[in-house]
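Sequential numbering of the sequence shown, starting at -2, is according to my numbering.
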Amino acid sequence: MFADQRRNLIIELLTEKGVVTVNDLTSMLNISAATIRSDLNQMEKQGLLLRTHGGAMLKAEETNKETDQLEKNYEIREKKFRAEKQRIGNKALNYIQEGQCILLDASTTCFEFAKYLSETKMRLTVVTSGIATAAMLKENPYLTVIIIGGIVRNTSNSVEGLLGEELLRKINIDLLFTSAYAFNIRDGLSDFSLYEVELKKVMVSVANKVIVLLDHSKVDKSSIATFARPNEIDIFITDKPVSEEISHFFAANGIELEIAE
-2 MFADQRRNLI
8 IELLTEKGVV
18 TVNDLTSMLN
28 ISAATIRSDL
38 NQMEKQGLLL
48 RTHGGAMLKA
58 EETNKETDQL
68 EKNYEIREKK
78 FRAEKQRIGN
88 KALNYIQEGQ
98 CILLDASTTC
108 FEFAKYLSET
118 KMRLTVVTSG
128 IATAAMLKEN
138 PYLTVIIIGG
148 IVRNTSNSVE
158 GLLGEELLRK
168 INIDLLFTSA
178 YAFNIRDGLS
188 DFSLYEVELK
198 KVMVSVANKV
208 IVLLDHSKVD
218 KSSIATFARP
228 NEIDIFITDK
238 PVSEEISHFF
248 AANGIELEIA
258 E
């Protein structure tokens, strides 16, 4: 990993947590402590952060700036590749059957999928960590909507953290529909929000089948933390053909690939 990539990831992590330690960064980025300290020292010289004992924190003005930007993030992401996400969501409908209990994460791709569910006449139970998703689906009388408890994040329109873990483990989930910040065949599905990743790990573990909804811009990319390994994925729906390497990998590992063209 190049220095610029590492430092961008450090900023993303600081934006989420406010404070990071050298030990955390060493573990997450698989980089030596000496390299991490060098990065943090250089970033402090550039005015990007403040060094603390054993780690770093965002400067106050940077925190305010990042917060302003993140508050717009959900709206920005919701508009990005919307047509592609709509095609993916429409394709995902083919996997739902009457009477199922399905789980949706708080991603903007799953929100587009939920727009189709809002018009369904199938009787379903929908469990979700998405606040906007739950608010929309509750208007459909055919759906029983359950929202996962946890920390409300105004920057992502979602509920995060592990307060909802007990609930998830008590419900029989037929299908999980999930998206991610990135996917590659080495790491699987990954995201930069550590809070969201911990909840998504539980989602993956309780679902009988995992269906990935991912637009082409996130394929063959990577992010800080993995929440689903490739062998935990059953179906992968995207909007453009994937590389030959990924296609062969899916075939060899029993992952069904769907292209929503």
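Beta carbons are placed, not taken as given, at the ideal position from N, Cα and C, and that holds for glycine.
Inter-residue CB distance, residue i and residue j (contact presumed, cutoff 8 Å)
{"i": "residue 113", "j": "residue 157", "result": "With 8 Å as the limit, residue 113 and residue 157 do not qualify as a contact, their Cβ atoms being about 25 Å apart."}
{"i": "residue 95", "j": "residue 115", "result": "Rounded, the Cβ-Cβ distance is 17 Å, inconsistent with contact."}
{"i": "residue 196", "j": "residue 161", "result": "7 Å"}
{"i": "residue 225", "j": "residue 186", "result": "4 Å"}
{"i": "residue 176", "j": "residue 107", "result": "6 Å"}
{"i": "residue 78", "j": "residue 182", "result": "Their Cβ separation, rounded to whole angstroms, is 22 Å, which puts residue 78 and residue 182 out of contact at 8 Å."}
Helix, strand or coil at residue i according to DSSP, with G and I counted as helix
{"i": "residue 101", "result": "strand"}
{"i": "residue 54", "result": "strand"}
{"i": "residue 123", "result": "strand"}
{"i": "residue 89", "result": "helix"}
{"i": "residue 81", "result": "helix"}
{"i": "residue 10", "result": "helix"}
{"i": "residue 136", "result": "coil"}
{"i": "residue 217", "result": "coil"}
{"i": "residue 160", "result": "coil"}
{"i": "residue 174", "result": "strand"}
For residue i, the first and last residue of its enclosing beta strand (DSSP E)
{"i": "residue 48", "result": "46 to 49"}
{"i": "residue 206", "result": "204 to 210"}
{"i": "residue 188", "result": "185 to 188"}
{"i": "residue 181", "result": "179 to 181"}
{"i": "residue 225", "result": "222 to 225"}
{"i": "residue 232", "result": "232 to 235"}
9 Å Cβ cutoff met for residue i and residue j
{"i": "residue 124", "j": "residue 90", "result": "no"}
{"i": "residue 171", "j": "residue 99", "result": "yes"}
{"i": "residue 155", "j": "residue 126", "result": "yes"}
{"i": "residue 28", "j": "residue 17", "result": "no"}
{"i": "residue 236", "j": "residue 258", "result": "yes"}
{"i": "residue 41", "j": "residue 53", "result": "yes"}
{"i": "residue 36", "j": "residue 0", "result": "yes"}
{"i": "residue 234", "j": "residue 255", "result": "yes"}
{"i": "residue 133", "j": "residue 111", "result": "yes"}
{"i": "residue 55", "j": "residue 15", "result": "yes"}
{"i": "residue 159", "j": "residue 143", "result": "no"}
{"i": "residue 208", "j": "residue 180", "result": "no"}
{"i": "residue 3", "j": "residue 23", "result": "no"}
{"i": "residue 260", "j": "residue 205", "result": "Only positions -2 to 258 of the chain appear in this structure, which leaves residue 260 out of reach."}
{"i": "residue 44", "j": "residue 19", "result": "no"}
Residue span of the alpha helix (DSSP H) that contains residue i, given as start and end
{"i": "residue 252", "result": "That residue, residue 252, is in no alpha helix (DSSP H); it is neither H nor E in DSSP."}
{"i": "residue 36", "result": "30 to 42"}
{"i": "residue 21", "result": "19 to 26"}
Does the stretch 208 to 216 come close enough to the stretch 115 to 132 to have 3 or more Cβ pairs within less than 8 Å? Fewer than three pairs of CB atoms, one per stretch, sit closer than 8 Å, so the stretch 208 to 216 makes no contact with the stretch 115 to 132.
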